[in-house]
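Colleague: Here the sequence shown stands for residues 13 to 357, where the numbers follow the numbering used here.
So that we are looking at the same thing, I have put the structure below in C-alpha cells.
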Amino acid sequence: MGFMDLREWLAMLEKGSGLRRIAAPVDWDREIGAIARRVLEKKGPALLFENVNGYEKGRCTKLFTGGLGSRGRLALALGFPADASNSDLVRYVMKKNQETVPPRLVGTGPVKDVILRGAEVDQADFPVPKWHHLEGGRYIHTFSGIVTRDPDTRVMNVGIYRGMIGKKNTTPFLLIKGGQHWGQHFLKYSARGEPMPVACVIGWDPIMPFLAGSPIPAGVCEWDVMGGYRGEPAELVRCETVDLEVPATAEIVIEGFISDDPATYELEGPFGEFTGYVSDIPTPRPTMQITCITHRRDPIFRGCLEGTLPGSYSENSVMSSVQRAAIAWNILTAAGIPGIRDVFV
Numbered sequence: 013m014g015f016m017d018l019r020e021w022l023a024m025l026e027k028g029s030g031l032r033r034i035a036a037p038v039d040w041d042r043e044i045g046a047i048a049r050r051v052l053e054k055k056g057p058a059l060l061f062e063n064v065n066g067y068e069k070g071r072c073t074k075l076f077t078g079g080l081g082s083r084g085r086l087a088l089a090l091g092f093p094a095d096a097s098n099s100d101l102v103r104y105v106m107k108k109n110q111e112t113v114p115p116r117l118v119g120t121g122p123v124k125d126v127i128l129r130g131a132e133v134d135q136a137d138f139p140v141p142k143w144h145h146l147e148g149g150r151y152i153h154t155f156s157g158i159v160t161r162d163p164d165t166r167v168m169n170v171g172i173y174r175g176m177i178g179k180k181n182t183t184p185f186l187l188i189k190g191g192q193h194w195g196q197h198f199l200k201y202s203a204r205g206e207p208m209p210v211a212c213v214i215g216w217d218p219i220m221p222f223l224a225g226s227p228i229p230a231g232v233c234e235w236d237v238m239g240g241y242r243g244e245p246a247e248l249v250r251c252e253t254v255d256l257e258v259p260a261t262a263e264i265v266i267e268g269f270i271s272d273d274p275a276t277y278e279l280e281g282p283f284g285e286f287t288g289y290v291s292d293i294p295t296p297r298p299t300m301q302i303t304c305i306t307h308r309r310d311p312i313f314r315g316c317l318e319g320t321l322p323g324s325y326s327e328n329s330v331m332s333s334v335q336r337a338a339i340a341w342n343i344l345t346a347a348g349i350p351g352i353r354d355v356f357v
C-alpha cells in the first residue's frame with residue numbers, strides 16, 4: 013500500500029461510508045468538540061465539517077476529525093479490511109515497526125501552493141476548535157506531526173505534542189525537556205544557545221499520526237518508518253525558513269523556532285488530557301515563534317478530540333491500543349513465554 017494524502021484518505025473513507033460531511037452550521041467554540049465526543053461514543057463515522065461559523069469563506073473552510081476513531085478505520089489506514097482481527101493488526105505493526113525506507117526529497121509540491129510570511133501569518137485564519145469548555149484556548153496542534161532535527165546526528169523526529177494558539181504568530185507547547193524526543197533535541201539547541209527549528213504538519217497520510225504518536229526508538233526517523241509501512245519513500249520538500257523537510261502533499265505546514273529564553277515563554281493550558289482530567293493550571297511554556305505558513309489551495313484543517321472519559325475514547329486511544337499491544341507482545345516473546353495467540357490493549 014503506497015502513500016496517500018489527506019484527500020485520498022477522505023475519498024477512501026467516503027467510499028466505504030466511513031465519512032460524514034456536516035453541512036449544518038457549527039461553532040468552533042466547544043460545539044465541534046461536543047459533537048466529536050458524541051460520535052466517538054456511538055462509534056460513528058469520521059466527520060468533515062464544511063460550515064464552521066466565521067469560516068464560511070476565507071483561507072480555510074473545512075475541518076476533519078475522527079479519521080482514526082475506530083478499529084475498522086485504523087485497519088483501512090494500515091491496508092487491511094475494516095473487519096481485520098486484532099492479532100492481524102498487531103502482528104503487522106510488530107513487523108513493520110522494524111522496517112525503514114528513507115524518504116525522497118522533491119523540488120516542490122501542493123503544500124507550497126500558498127506561502128505566508130510576516131504580517132500574513134495568522135493562525136486564526138484556520139477553524140481551530142476550542143475542544144473542551146475548561147481548556148485554556150484553541151488547540152491548533154492535537155494531531156499534527158511536529159518535526160524537529162537532532163543538531164548532532166541530523167536525524168529528524170516526528171511526534172505529536174499539544175500546542176495552543178497564543179498570539180496570531182505564536183504557539184506555546186507542552187515541551188518536556190529531555191522527557192520527549194523533541195525535548196532531547198531542545199536541550200541540545202539550548203546548550204548551543206540556539207533556538208530549535210520546528211515544522212508542524214497538519215493533515216496528511218493517516219500513517220503520520222499513527223507513527224508520530226507511537227514509541228519509535230530515539231534516533232530512528234519516523235519518515236523512514238512510514239516509508240517501511242507504505243513500501244516506498246515518502247516524498248518530502250524543504251521548508252521555507254527552517255532546516256527541516258515535510259511531506260510535499262500535506263495540507264498545512266507551520267514553520268518557526270522555539271527558544272529556551274523564559275522571556276519568550278507564554279501561558280499554555282489547561283488541556284483535556286488522555287487521563288480524562290483537565291491537566292495543569294495555565295503555565296509558562298516554551299513558545300514557537302512562527303516564521304512561515306505554507307498550505308494547499310483550499311486546505312483542510314485536521315485535529316482531534318483528546319480527553320477520554322468513562323464510556324468514551326479518542327483517536328489516540330485507538331492508535332495507542334495497537335502499538336502498545338505490539339510492545340507488550342514483544343516483551344512477552346522476549347521473556348520466553350510460548351504460544352501467544354493475541355495481545356489486546
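Just so you know, even glycine gets a beta-carbon here, dropped at the ideal spot from N, CA and C.
#1: Y151 bridges to which residues according to DSSP?
#2: Rounded to whole angstroms, what is the Cα-Cα separation between G231 and T165?
#3: Give a yes or no on whether the C-beta atoms belonging to L146 and V290 are separated by under 9 Å.
#4: Taking buried to mean at least 16 other C-beta atoms within 10 Å of its own C-beta, is P227 buried or exposed?
#5: With DSSP as the reference, please indicate the residues paired to N169 in a beta bridge.
#6: Identify every residue that forms a DSSP beta bridge with G284.
#7: Is the number of C-beta pairs between the segment 255-268 and the segment 298-316 that are closer than 8 Å three or more?
#8: Looking at the unbroken beta strand (DSSP E) that takes in L59, where does it start and where does it end?
#9: For a minimum of 3 consecutive residues, which ranges assigned as the beta strand (DSSP E) are wholly contained in the segment 57-129?
#10: Quick one: what does DSSP say K7 is sitting in, helix, strand or coil?
#11: Go through the segment 289-318 residue by residue and report every complete run of the beta strand (DSSP E) that reaches 3 residues or more, in order.
#12: With distances taken between CB atoms, is the gap from V51 to R33 smaller than 9 Å?
#13: Tell me P259's beta-bridge partners as DSSP assigns them.
#14: With a cut-off of 8 Å, do at least 3 Cβ pairs link the segment 65-73 to the segment 195-215?
#15: Suppose you measure from the CA of I127 to the CA of G351; what does that come to, to the nearest Å?
#16: Quick check on L187: does DSSP put it in helix, strand or coil?
#17: Which ranges does the alpha helix (DSSP H) cover as unbroken runs of at least 4 residues, wholly within the segment 20-60, from first to last along the chain?
Modeller: According to the structure shown:
#1: Here residue 151 refers to the residue found at position 139 when the sequence shown is read from its first residue. Per DSSP, M176.
#2: In the sequence shown, the residue the question calls residue 231 occupies position 219. In the sequence shown, the residue the question calls residue 165 occupies position 153. Using only the alpha carbons, I get a separation of about 8 Å.
#3: The residue given as residue 146 occupies position 134 in the sequence shown. The residue given as residue 290 occupies position 278 in the sequence shown. Yes, the pair counts as a contact, with Cβ atoms nearer than the cut-off.
#4: Sequence index remark: in the sequence shown, residue 227 carries index 215 (1-based). The residue is exposed, with fewer than 16 neighbouring Cβ atoms inside 10 Å.
#5: Within the sequence shown, the letter at position 157 stands for residue 169. According to DSSP, N169 bridges with T160.
#6: Reading the sequence shown from its first residue, position 272 is the one you call residue 284. V290.
#7: yes
#8: Here residue 59 refers to the residue found at position 47 when the sequence shown is read from its first residue. Taken as a continuous stretch (DSSP letters only), the beta strand (DSSP E) holding L59 covers A58 to F61.
#9: 58-61, 74-77 and 126-129
#10: Given that the chain is displayed from residue 13 to residue 357, the structure contains no residue 7 and the question cannot be resolved.
#11: 295-297, 299-307 and 312-314
#12: Counting from one through the sequence shown, the residue named residue 51 turns up at place 39. Counting from one through the sequence shown, the residue named residue 33 turns up at place 21. Going by C-beta atoms, V51 is not nearer than 9 Å to R33.
#13: The sequence position of residue 259 within the sequence shown is 247, counting from 1. In the DSSP output, where bridge partners are listed per residue, P259 has L248.
#14: no
#15: Residue mapping note: residue 127 aligns to position 115 of the sequence shown, counting from 1. Residue mapping note: residue 351 aligns to position 339 of the sequence shown, counting from 1. One C-alpha to the other measures close to 55 Å.
#16: Taking the first residue of the sequence shown as 1, we reach residue 187 at position 175. L187: coil per DSSP, three-state reduction.
#17: 43-53
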